[in-house]
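Residue numbers (UniProt numbering): 1 to 233. Contents: one structure, followed by commentary.
Right, here's the structure in full:
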């Protein structure tokens, strides 16, 4: 594609950073020989100059809808930029070494906006999977905590009921001042009748649900802070 737009020429000579630049051999469209050109890649635009010191490029290739392949039936470290369609031009370029050819082919293959959209979509999917995995992990941890709490609460309740049951089947002398069971029952009775005694009431399902929800919310906020800290680092 020949460059005629002044705006693109201005962009080519602007201070915008180049993704890659260097010397490549370019096969002419009319003259079938290879000519040395200075190439500069900016975004999805590949500019080429006759000399490195030139201010304006002599041509430009828009790297959209094309494929980067090894050149057919040509010796040397050559590759080609193919565009679909019978009337489309194929650009044949050559490098000095195998490493330089591979470097140009890789970066040109990743220069199009279509490729960037694909990468963005894949990254968003990976991030969504990570978020889902973290949420599942938080829920599992919250369920484990709630199970531990339920087991502990049930164990203490069973122990208290067993103790009372055992006391009920014991024989003791009510006039024996050294009887520990009688003393314990008397103390518990006086404490329960006292207005300052903090009696534990059985919790409703709503109260337990709110407590477990608070645990999950706290774990979620902690994980979010850690993720934000990791992203900032």
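Note that CB positions come from ideal geometry on N, CA and C, so glycine has one too. Note that the structure is a prediction, hence the values are computed from the model and not measured.
Across the structure, residue 96 and residue 27 are spaced so that their CA atoms are roughly 14 Å apart. Here residue 73 carries a coil assignment [DSSP, helix/strand/coil]. If you draw a 10 Å sphere on the C-beta of residue 111, you find 16 or more other C-beta atoms in it, and that means buried. Counting the other Cβ atoms within 10 Å of the Cβ of residue 16 gives fewer than 16, which makes it exposed. Counting of Cβ neighbours within 10 angstroms places residue 94 among the buried residues, the total reaching 16 or more.
A straight line joining the alpha-carbon of residue 137 with that of residue 127 spans about 15 Å.
CA-CA distance, residue 82 to residue 131, rounds to 40 Å.
Taking all protein chains in view, the Cβ of residue 80 is crowded by 16 or more other Cβ atoms within 10 Å, so the residue is classified as buried.
Secondary structure at residue 82: strand, using DSSP grouped into helix, strand and coil.
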